[in-house]
Amino acid sequence: MVHHVKRQFVFFGGKGGTGKTTCAAAYAYALSRLGIKTLVVSTDPAHSLADAFNRPIGLDVIPVAENLWGIEIDAEEEAKKYMKAIQDKMLHIVSAVIVEEIKRQIEIAYMSPGAEEAAIFDKFIELMESIGNPYDVIVFDTAPTGHTLRLITLPEILGIWIEHLIEKRANAMELMKVAAKYDKDLQEKIKEDPIIDTLQARRDKFALARKILTDKKNTAFYFVLNAEKLPIIETKRAIEILQKHDIGIGGVIVNKVIPEEAGPFFEKRRVDQEQYLKQIDEMFGGFGVARIPLLDSDIKGIEQLSEIAPLILKLDEM
Ligand SMILES: Nc1ncnc2c1ncn2[C@@H]1O[C@H](COP(=O)(O)OP(=O)(O)O)[C@@H](O)[C@H]1O
Ligand SMILES: [Mg+2]
Numbered sequence: 001m002v003h004h005v006k007r008q009f010v011f012f013g014g015k016g017g018t019g020k021t022t023c024a025a026a027y028a029y030a031l032s033r034l035g036i037k038t039l040v041v042s043t044d045p046a047h048s049l050a051d052a053f054n055r056p057i058g059l060d061v062i063p064v065a066e067n068l069w070g071i072e073i074d075a076e077e078e079a080k081k082y083m084k085a086i087q088d089k090m091l092h093i094v095s096a097v098i099v100e101e102i103k104r105q106i107e108i109a110y111m112s113p114g115a116e117e118a119a120i121f122d123k124f125i126e127l128m129e130s131i132g133n134p135y136d137v138i139v140f141d142t143a144p145t146g147h148t149l150r151l152i153t154l155p156e157i158l159g160i161w162i163e164h165l166i167e168k169r170a171n172a173m174e175l176m177k178v179a180a181k182y183d184k185d186l187q188e189k190i191k192e193d194p195i196i197d198t199l200q201a202r203r204d205k206f207a208l209a210r211k212i213l214t215d216k217k218n219t220a221f222y223f224v225l226n227a228e229k230l231p232i233i234e235t236k237r238a239i240e241i242l243q244k245h246d247i248g249i250g251g252v253i254v255n256k257v258i259p260e261e262a263g264p265f266f267e268k269r270r271v272d273q274e275q276y277l278k279q280i281d282e283m284f285g286g287f288g289v290a291r292i293p294l295l296d297s298d299i300k301g302i303e304q305l306s307e308i309a310p311l312i313l314k315l316d317e318m
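And the structure:
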């Protein structure tokens, strides 16, 4: 029997090394075991999905287990593909002036810092569009917090930028129509405008992404952190930013919690953690907090992932 799908899009974020990939992989695996067709996508340049599942995962979607698929997106590769696609489209453009303008804008948006996030973002949208066919749920294992926040807030920024381009393009076309009044050739040329079509298609995509990201019923962001001082502050900030952008928070996962039975060697650390755990409960309790114990070895492969998976799944019931 197929279990009820709580959310279609689930993001895991947090600092590097906290256990984002492990939690994303465990969660995705748990869903797949419930009969939910799940795709887990890594967008962190420091890919470790393959490590978590203990099997190779690459640039194309591959099956990992029954009802489970995985993919690791290569940002640089996506950025290159993206630029190439745009440039190919440019060949059809009529006005040289506007070509330069658009080129410049594209470079600003895609070649500046953030270029790779933008390219990944395109891939995001492509994958998001595949929801329901065949995937019931897509789990994103994201890059460390800063990158991800920028990525997630992109649709808003790029939406405004593209609106501006469309306006410019429309004005240019108006001028061209006037110029073409006595020029049959030019009239023919500007009958259709591939650029405005492309821009409008992109605008629609960004709007769709924004709609998906802010749909709290179907999309949520999970934060993974360890019980330490700085990550708590960082998580608080990140949550505030997401809330400002109207993105839902699914819960907070405290990973690598030292268990009581860890023994005297860990005792001091354990006691320190207790204080932070309390703080985490106070600050984030409203979102739901899951605790995952520090295991005695790295978490590799499906068997070990299943050990921690129920702890994360519980968040969906909170
Ligand atoms: N609860 C845990 N107990 C023991 N090792 C863990 C635990 N969670 C994660 N690890 C290990 O810590 C390392 C970092 O985890 P990972 O999920 O790759 O972090 P991130 O994706 O946030 O960089 C990995 O080697 C992983 O196996
Ligand atoms: Mg990772």
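Take the sequence shown: its letters are residues 1 to 318, numbered as in full-length UniProt numbering. For glycine and all other residues, C-beta sits at the position ideal for the given N, C-alpha and C. Predicted model only: the values in this text are computed from it and were never measured.
> So is Asp74 buried or exposed if we call it buried at 16+ other beta carbons inside 10 Å?
Replying inline: Stepping through the sequence shown from its first residue, residue 74 is reached at position 74. The residue in question, Asp74, is buried, as its Cβ has 16 or more Cβ neighbours within 10 Å.
> Taking buried to mean at least 16 other C-beta atoms within 10 Å of its own C-beta, is Ile27 buried or exposed?
Replying inline: By one-based count along the sequence shown, residue 27 stands at place 27. According to the sequence displayed, residue 27 carries Tyr and not Ile. Tyr27 is buried by the Cβ-count criterion.
> To which residues does DSSP link Asp141 through a beta bridge?
Replying inline: Locating residue 141 in the sequence shown gives position 141, where the first residue counts as 1. Its beta-bridge partners are Phe12, Ser42.
> Considering only C-alpha positions, which residue in the set Ala85, Leu39, His47, Asp183 is nearest to Val64?
Replying inline: In the sequence shown, counting from the first residue as 1, residue 64 sits at position 64. The candidate whose alpha carbon is nearest that of Val64 is Leu39.
> Whose CB is closer than 7 Å to a heavy atom of ligand 1? List the residues in chain order.
Replying inline: Gly14, Lys15, Gly16, Gly17, Thr18, Gly19, Lys20, Thr21, Thr22, Cys23, Asp44, Ala46, Ser48, Asp51, Ala52, Asp141, Val224, Asn255, Lys256, Ile292, Pro293, Leu294, Leu295, Ser297, Asp298, Ile299, Lys300, Ile308
>> Please return the same chain residues whose Cβ sits closer than 7 Å to the Cβ of Val5, not counting the five positions on each side in sequence.
In response: Counting from one through the sequence shown, the residue named residue 5 turns up at place 5. Cβ within range, chain order: Ile36, Asp136, Val137.
> Can the beta-carbon of Leu49 be found closer than 8 Å to that of Ala85?
Replying inline: Here residue 49 refers to the residue found at position 49 when the sequence shown is read from its first residue. Here residue 85 refers to the residue found at position 85 when the sequence shown is read from its first residue. Contact: no.
>> Between which two residues does the alpha helix (DSSP H) holding Tyr222 run?
In response: Locating residue 222 in the sequence shown gives position 222, where the first residue counts as 1. Per DSSP, Tyr222 belongs to no alpha helix (DSSP H); it is in the beta strand (DSSP E), 219-226.
>> Out of Lys191, Ile312, Ala309, Asp298, which one is the CA nearest neighbour of Asn54?
In response: In the sequence shown, the residue the question calls residue 54 occupies position 54. Minimum Cα distance to Asn54 is reached at Asp298.
> Just to confirm, are Gln275 and Ile258 a CB contact at a threshold of 8 Å?
Replying inline: Position 275 of the sequence shown, counted from the first residue, corresponds to residue 275. Position 258 of the sequence shown, counted from the first residue, corresponds to residue 258. For Gln275 and Ile258, no; Cβs fall outside 8 Å.
>> Between which residues of its own chain and Met128 is the CB-CB distance below 8 Å, once the five residues before and five after are set aside?
In response: Residue 128 sits at position 128 when you count from the first residue of the sequence shown. Excluding five sequence positions before and after Met128, the CB atoms of its chain that fall closer than 8 Å to its own CB belong to Phe9, Ile138, Leu208, Ala209, Ile212, given in chain order.
>> Less than 8 Å between the beta carbons of Phe223 and Ile239, yes or no?
In response: To locate residue 223, count along the sequence shown from 1; it is residue 223. To locate residue 239, count along the sequence shown from 1; it is residue 239. Against a cut-off of 8 Å, the Cβ pair of Ile239 and Phe223 comes out as a contact.
> Given Glu228, which residues of its chain have a CB within under 7 Å of its CB, disregarding the five upstream and five downstream residues?
Replying inline: On the sequence shown, residue 228 is found 228 positions in, with the first residue counted as 1. Sequence-distant partners of Glu228 (beyond 5 residues in either direction) whose C-beta falls short of 7 Å from its own C-beta, in its chain, are Tyr276.
> Straight-line CA distance for Ala180 to Trp69?
Replying inline: Position 180 of the sequence shown, counted from the start, is the residue given in the question as residue 180. Position 69 of the sequence shown, counted from the start, is the residue given in the question as residue 69. One C-alpha to the other measures close to 53 Å.
> Helix, strand or coil for Leu68 per DSSP?
Replying inline: Here residue 68 refers to the residue found at position 68 of the sequence shown. Leu68: strand per DSSP, three-state reduction.
> How close, in whole Å, do the beta carbons of Phe206 and Ile162 come, if the pair is a contact with beta carbons under 8 Å?
Replying inline: Taking the sequence shown and counting its residues from 1, one reaches residue 206 at position 206. Taking the sequence shown and counting its residues from 1, one reaches residue 162 at position 162. Yes, Phe206 and Ile162 are in contact; Cβ-Cβ is about 6 Å, under 8 Å.
>> Quick check for students: name the residue ranges of the alpha helix (DSSP H) that lie wholly in the segment 234-268, counting only runs of 4 or more.
In response: Along the segment 234-268, the alpha helix (DSSP H) does not occur as any fully enclosed run of 4 or more residues.
> If you run the structure through DSSP and keep just helix, strand and coil, what is Pro63?
Replying inline: If you number the sequence shown from 1, residue 63 lands on position 63. Three-state DSSP puts Pro63 in a strand.
> From what residue to what residue does the beta strand (DSSP E) around Arg55 run?
Replying inline: As a working mapping, residue 55 is identified with position 55 in the sequence shown. Neither: Arg55 is in no beta strand (DSSP E) and is coded neither H nor E.
> By a C-beta neighbour count over all protein chains shown, 10 Å radius and 16 as the cutoff for buried, is Lys15 buried or exposed?
Replying inline: Position 15 of the sequence shown, counted from the start, is the residue given in the question as residue 15. Lys15 is buried by the Cβ-count criterion.
> Which word fits residue 335, buried or exposed, when buried means at least 16 other C-beta atoms lie within 10 angstroms of its C-beta?
Replying inline: Within the shown structure, residues of the chain are numbered from 1 to 318, placing residue 335 beyond reach of any answer.
> For Val94, which three-state DSSP category applies?
Replying inline: Translated into the one-based positions of the sequence shown, residue 94 becomes position 94. Residue placement at Val94 cannot be trusted, given a pLDDT of 48 that sits under 50; what the coordinates show is reported in the next sentence. It is coil, neither helix nor strand.
> With 16 other CB atoms within 10 Å as the buried threshold, where does Ser130 fall?
Replying inline: Reading the sequence shown from its first residue, position 130 is the one you call residue 130. Ser130 comes out exposed.
>> I need the straight-line Cα distance from Ile241 to Leu175, nearest angstrom please.
In response: The sequence position of residue 241 within the sequence shown is 241, counting from 1. The sequence position of residue 175 within the sequence shown is 175, counting from 1. When the Cα atoms are used, Ile241 and Leu175 turn out to be separated by approximately 42 Å.
> Using the rule of at least 16 other Cβ atoms within 10 Å of the residue's Cβ for burial, across every protein chain shown, is Ser42 buried or exposed?
Replying inline: By one-based count along the sequence shown, residue 42 stands at place 42. The residue is buried, with at least 16 neighbouring Cβ atoms inside 10 Å.
>> What residue range does the beta strand (DSSP E) around Ala290 cover?
In response: Here residue 290 refers to the residue found at position 290 of the sequence shown. Taken as a continuous stretch (DSSP letters only), the beta strand (DSSP E) holding Ala290 covers 289-293.
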